[in-house]
DNA sequence: CCCCTTAATGAAAGTCGTTGTCATTTCCAT
DNA sequence: ATGGAAATGACAACGACTTTCATTAAGGGG
Ligand SMILES: [Mn+2]
Ligand SMILES: [Mn+2]
Ligand SMILES: [Zn+2]
Ligand SMILES: [Zn+2]
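Chains as they are written, first to last, in my numbering: chain W, 1 to 134; chain B, 135 to 268.
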């Protein structure tokens, strides 16, 4: 999994991968670091930062910015382009797709002569679980 | 303009407002501070930060996050809800609207039981001017 | 297996945008 | 005018993230 990216298989990377594989919600590097510590696997915070950055570049993790600017990561099911509906309270996320919206974005950019266009789109709200827990 | 927001009319706020009124592109607090200094109006950096934050909360300035996380501000023509097509090089922006996309976002959120939903959407590219200047 | 090269780790220090502090200044309602 | 509250700004502090660099440990070649 990690060796196919030309990376060495270290126990730290294994620990991070195992964690993001079972945590479904978006989590920051610091939160992941804390979760690792809680389960006895002590991985340096620097290494967690480096690992999630590497995995994100490789497309293995999705990254989004929370409202406060902190980057949060998550292992997504689909490797295809998609966006997220994210819970502000717990980080729970639903992958969403909007082909029509994608085309609209392309269109708008082209109409104004912009090139090398990318877009960011995230939906934030409170998930049913957190709503119920009020 | 500023008094209608329950704020005192200081020369610093006047200077910042005059600046954002004539700069059409998205600019960071630090960039605005530098521009003020360049034109002889010396306003403290702290005050620039406070002023843009206040104006943004009041809806007088639009804020978006650049890819590096830095907040950039701009005076927009429309007070209505809209998004932006922004040049990565110079900050030039076009206001864009996508009513169909807005409805789609509402729909997706409702379908998944999420409440208090908001969304962020920005289009980034290279504007025609910067493309030409290559 | 055992080296040996080199990638990877991690503690500590540094970066940088942004915010808090607090003494001083300035606005403005009375 | 003048008193009191709001605003300013130099400076320190904050926090997420990165860099540094000495140390550790993969893992391929012998
Ligand atoms: Mn998209
Ligand atoms: Mn919208
Ligand atoms: Zn939730
Ligand atoms: Zn441009």
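Here a beta-carbon is modelled for each residue, glycine too, at the ideal position from N, C-alpha and C. Small disclaimer: the values here were computed from a predicted structure and weren't measured.
Beta-carbon proximity check, residue i vs residue j, cutoff 9 Å
| i | j | result |
| --- | --- | --- |
| residue 290 of chain B | residue 119 of chain W | Limits of chain B in this structure are 135 at one end and 268 at the other, which puts residue 290 of chain B out of reach. |
| residue 16 of chain W | residue 51 of chain W | yes |
| residue 140 of chain W | residue 133 of chain W | There is simply no residue 140 of chain W to check, as chain W begins at 1 and stops at 134 in what is shown. |
| residue 69 of chain W | residue 199 of chain B | yes |
| residue 230 of chain B | residue 108 of chain W | yes |
| residue 247 of chain B | residue 128 of chain W | yes |
| residue 182 of chain B | residue 170 of chain B | yes |
| residue 219 of chain B | residue 121 of chain W | no |
| residue 193 of chain B | residue 178 of chain B | no |
| residue 115 of chain W | residue 259 of chain B | yes |
| residue 1 of chain W | residue 235 of chain B | no |
| residue 7 of chain W | residue 54 of chain W | yes |
DSSP bridge partner residues for residue i (one or two, in chain order)
| i | result |
| --- | --- |
| residue 196 of chain B | B/208 |
| residue 138 of chain B | Note: residue 138 of chain B sits in no beta bridge, so no partner. |
| residue 55 of chain W | BP columns for residue 55 of chain W are empty, so no partner. |
| residue 122 of chain W | W/84, B/254 |
Reduced DSSP category for residue i - H, G, I as helix; E, B as strand; rest coil
| i | result |
| --- | --- |
| residue 246 of chain B | coil |
| residue 88 of chain W | coil |
| residue 31 of chain W | helix |
| residue 95 of chain W | strand |
| residue 181 of chain B | helix |
| residue 21 of chain W | helix |
| residue 41 of chain W | coil |
| residue 239 of chain B | helix |
| residue 149 of chain W | The structure shown does not extend to residue 149 of chain W, since chain W is modelled only from 1 through 134, so no value can be given for it. |
| residue 145 of chain B | helix |
| residue 267 of chain B | helix |
Count the CB pairs spanning the region 20–38 of chain W and the region 74–82 of chain W that are closer than 8 Å, and state whether there are at least three.
yes
Residues of the region 96–112 of chain W with Cβ closer than 8 Å to any Cβ of chain B, in chain order
96, 98, 100, 101, 104, 105, 108, 109, 112
Using a Cβ-Cβ cut-off of less than 8 Å, give me the residues of the region 181–203 of chain B that come near chain W, in sequence order.
199, 203
Residues from the region 20–43 of chain W in contact with chain B, defined by Cβ distance under 8 Å:
none
Interface positions of the region 252–265 of chain B facing chain W (Cβ-Cβ less than 7 Å), listed along the chain:
252, 253, 254, 255, 256, 257, 258, 259, 260, 261, 262, 265
Check distances from the C-beta atoms of the region 70–87 of chain W to those of chain B and list, in chain order, the residues that come in under 8 Å.
85, 87
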